[in-house]
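Residue numbers (this note's numbering), protein chains in the order written: chain G, 169 to 506; chain F, 169 to 506.
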């Protein structure tokens with residue numbers, strides 16, 4: 169051997185206990201952490217497939233959907249975002265991105281890489297998008313898909329009119345994609361009722377599961393759109409027709425698509441089970457109440473929320489204006505240490 | 169809520185203890201499993217970045233490389249394969265795939281999806297590729313990249329002449345990509361010495377780590393090739409220039425590329441540390457000795473190995489010919505149960 173054993177790996181693993189107060193990951197419960205030390209299962213063992221089935225039903229409940237094409241992408245929330253876009257888009261397709269912070273732009277970058285013709289509709293600073301702004305953008309761009317984050321973790325803006333936007337998308341024969349990574353479980357979300365065609369969420373945010381496995385769901389309309397593609401999906405790993413066949417979404421026969429991480433399945437299953445035990449409605453309520461109390465306290469301190477309109481604030485990410493004259497970096501460093 | 173809590177999630181998680189004898193995943197040690205119940209760390213916490221640094225040094229040792237662009241893809245081995253290809257290939261690039269079983273074809277599918285002009289050089293049934301076959305294919309196709317699996321898990325064929333193939337690739341100004349998912353730790357592998365430009369491996373095979381996080385390494389030649397692309401890499405998630413900036417491969421500044429799964433980092437770090445403790449050479453030796461004894465036993469039983477030439481057999485996957493008149497499916501079902 170020319171290269172020797174690195175010194176760093178002769179030392180023990182050190183993992184401090186931290187209270188995670190950022191947009192995610194959040195702290196996992198003992199139940200979730202303990203689940204993850206279970207022995208590894210093979211990716212096609214019946215016991216592994218059973219856990220995947222449990223998770224699928226759990227996601228259907230969380231998204232409030234009957235979609236059979238409900239599964240997980242084996243990757244982070246970013247992987248879920250890319251999976252949504254790369255399946256729906258072909259070269260030259262016009263894709264419209266609503267931006268209320270950071271995530272519309274990130275999604276647009278992915279769409280552009282896969283060959284789409286990217287357009288934007290930008291919300292006013294500190295505000296969510298109005299129906300008028302969206303309608304106008306639809307008239308101008310005639311998009312094939314419309315992407316929106318329900319909650320944008322960079323600004324704490326909540327898009328609270330998804331149901332009405334779903335109607336606009338149907339009227340314009342447009343596929344509606346909603347990112348719920350930072351919002352699901354902290355705000356109401358009704359995929360079927362609101363006519364949302366594709367949605368995904370983060371495992372490591374409100375759900376308090378491990379990162380690295382991303383729930384995603386496609387309705388029949390989205391599946392038909394994908395079926396009618398004239399070119400192959402540009403990614404094998406993210407091809408939801410194949411991933412869905414592994415997750416048993418299209419019938420009893422399962423294919424080997426990739427080696428799923430059973431450890432993450434254990435963690436996610438237990439995290440979803442905890443939400444189920446509490447009930448989705450009560451989890452949302454608790455997040456909203458906590459956020460409301462925090463907002464009150466912030467006002468008492470003489471500080472101001474970044475989002476002026478209370479109904480447009482995410483309960484999960486509470487953004488506070490940095491008063492003029494204050495160095496935000498120092499505040500952030502102090503908060504990280506304390 | 170229109171959709172009610174699923175009954176399945178009211179029941180406890182059931183994970184049986186199994187002895188995993190397939191191509192992977194393999195059983196994790198108690199040390200690895202216990203590491204994975206550690207609390208979650210944020211994706212940019214210094215303690216998390218430190219574990220990533222440890223893993224990076226560990227992979228450099230396992231691959232026997234000095235490559236600074238050594239990191240992990242947050243996904244399964246398939247994700248590593250796709251990351252290698254999507255970074256290297258642009259529309260119309262001629263990509264040559266050596267096939268000794270299943271994996272050359274899977275990789276070719278990915279390359280085709282990303283727009284490459286795919287060609288094949290197929291080994292004789294039950295054999296690895298000869299240098300003559302490869303040279304001839306290079307003359308005919310003039311490929312931009314050449315892909316080969318060191319060990320093919322579908323056939324148990326080991327490609328034992330990678331050093332010589334590396335020379336051929338250099339002579340033809342071709343990027344050499346090697347899949348070591350099923351072989352690393354069970355056969356010698358010398359990335360730098362053998363002039364291999366890109367390599368990746370599985371966490372859940374010989375390393376006995378969790379699946380879902382895939383070590384990958386690019387040398388300077390591969391990075392220059394990527395830098396000289398005329399189009400953006402078609403995937404954001406797999407863009408190794410960005411992933412590498414997160415892994416600290418190109419300087420001290422880290423970017424937020426995606427939320428890495430700290431749980432999988434803990435498991436992989438400990439799995440690599442175990443290999444380091446034993447020493448790579450002795451791990452390889454043990455696998456070869458076990459395989460040799462198994463092969464002897466199989467001969468004693470009057471059975472025959474699928475690969476006739478002993479030096480072309482992987483020590484990690486031992487493939488046995490099904491005698492004529494025997495139903496392989498019944499054998500496989502019996503083995504799964506026992």
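For every residue, glycine included, the Cβ atom is placed at its ideal position computed from N, Cα and C.
Q. Is any beta-carbon of chain G found at less than 7 Å from that of residue 378 of chain F?
A. yes
**Q.** C-beta atoms of residue 406 of chain F and residue 251 of chain F nearer than 7 Å
**A.** yes
Q: Quick one: give me the first and last residue of the beta strand (DSSP E) that residue 266 of chain F is part of.
A: 262-267
Q: Measure the beta-carbon distance from residue 239 of chain F to residue 411 of chain F and round it to whole angstroms, keeping in mind my assumption that it falls under 8 Å.
A: 6 Å
Q. By the 10 Å Cβ neighbour count, where 16 or more other Cβ atoms means buried, how is residue 383 of chain F classified, buried or exposed?
A. buried
Q: Can you grab the Cα-Cα spacing for the pair residue 341 of chain F / residue 390 of chain F, in whole Å?
A: 11 Å
(Q) I'd like the list of long-range same chain contacts for residue 496 of chain F, defined as Cβ closer than 7 Å, with 5 residues on each side in sequence excluded. (A) 490
Q. Would you call residue 166 of chain F buried or exposed, if buried means 16 or more other Cβ atoms sit within 10 Å of its Cβ?
A. Because chain F in this structure spans residues 169 to 506, residue 166 of chain F falls outside the shown range and cannot be described.
Q. Are the beta-carbon atoms of residue 329 of chain G and residue 479 of chain G separated by less than 7 Å?
A. no
Q: Leaving out five residues on either side along the sequence, give the residues of the same chain with a beta carbon under 8 Å from the beta carbon of residue 486 of chain F.
A: 324, 459, 462, 463, 466 and 473
Q. List, in order along the chain, the chain F residues whose C-beta lies closer than 8 Å to that of residue 404 of chain G?
A. 246, 250, 274, 277, 278 and 281
Q.
Distance check for residue 302 of chain G and residue 203 of chain G, CA to CA, integer angstroms please.
A. 44 Å
Q.
What residue range does the beta strand (DSSP E) around residue 384 of chain F cover?
A. 382-386
Q) Are the beta-carbon atoms of residue 376 of chain F and residue 194 of chain F separated by less than 7 Å? A) yes
Q) Who are residue 315 of chain F's beta bridge partners in DSSP? A) F:265 and F:345
Q: Write down the C-beta distance between residue 343 of chain G and residue 381 of chain G rounded to the nearest angstrom, noting that I regard them as a contact closer than 8 Å.
A: Contact flag wrong, Cβ pair sits at about 24 Å.
(Q) Suppose you measure from the CA of residue 403 of chain G to the CA of residue 258 of chain F; what does that come to, to the nearest Å? (A) 14 Å
Q. Start and end of the alpha helix (DSSP H) containing residue 274 of chain G?
A. 271-281
Q: Determine contact between the region 363-377 of chain G and the region 434-453 of chain G, defined as no fewer than three beta-carbon pairs at a distance below 8 Å.
A: yes
Q | Top-ranked residue by Cα proximity to residue 309 of chain G, from G:335, G:264, G:237 and G:498 | A | G:264
Q | Distance CB(residue 349 of chain G)-CB(residue 255 of chain G) smaller than 7 Å | A | no
Q: Drop a sphere of 10 angstroms on the beta-carbon of residue 378 of chain G, count the other beta-carbons inside from all chains shown, and report buried for 16 or more, exposed for fewer.
A: buried
Q.
By alpha-carbon positions, which one of G:432, G:269, G:237 and G:334 ends up nearest to residue 482 of chain G?
A. G:269
Q. In its own chain, which residues sit with a C-beta less than 6 Å from the C-beta of residue 413 of chain G, not counting the 5 before and 5 after it?
A. 423
**Q.** Rounded separation between residue 205 of chain G and residue 431 of chain G - CA only
**A.** 7 Å
Q. When you check each C-beta in the region 193-216 of chain G against every C-beta of chain F, which residues fall closer than 8 Å?
A. 193, 194, 195, 196, 201, 202, 203, 204, 205, 206, 207, 208, 209, 210, 211, 213 and 215
Q. In this structure, does DSSP put residue 338 of chain G in helix, strand or coil?
A. helix
Q. What is the rounded straight-line gap between the Cα of residue 248 of chain F and the Cα of residue 428 of chain F?
A. 15 Å
(Q) Can you tell me whether residue 318 of chain F is buried or exposed? The criterion is at least 16 other CB atoms within 10 Å of its CB, across all chains shown. (A) buried
Q: For the region 364-436 of chain F, list the beta strand (DSSP E) runs that are entirely contained and at least 3 residues long, ordered along the chain.
A: 366-368 and 382-386
**Q.** Residues sharing a beta bridge with residue 288 of chain F, DSSP
**A.** F:265
**Q.** Residue from F:304, F:307, F:283 and F:326 with nearest C-alpha to residue 293 of chain F
**A.** F:326
Q.
Could you give the first and the last residue of the continuous alpha helix (DSSP H) run that contains residue 458 of chain G?
A. 448-468
Q. Would you report the Cα separation of residue 286 of chain G and residue 315 of chain G, rounded to the nearest angstrom?
A. 11 Å
(Q) Spatial neighbours of residue 284 of chain F within its chain, please: C-beta separation below 7 Å, excluding the five flanking residues on both sides. (A) 257, 261 and 263
**Q.** Candidates G:177, G:234 and G:291: closest to residue 475 of chain G by CA position
**A.** G:291
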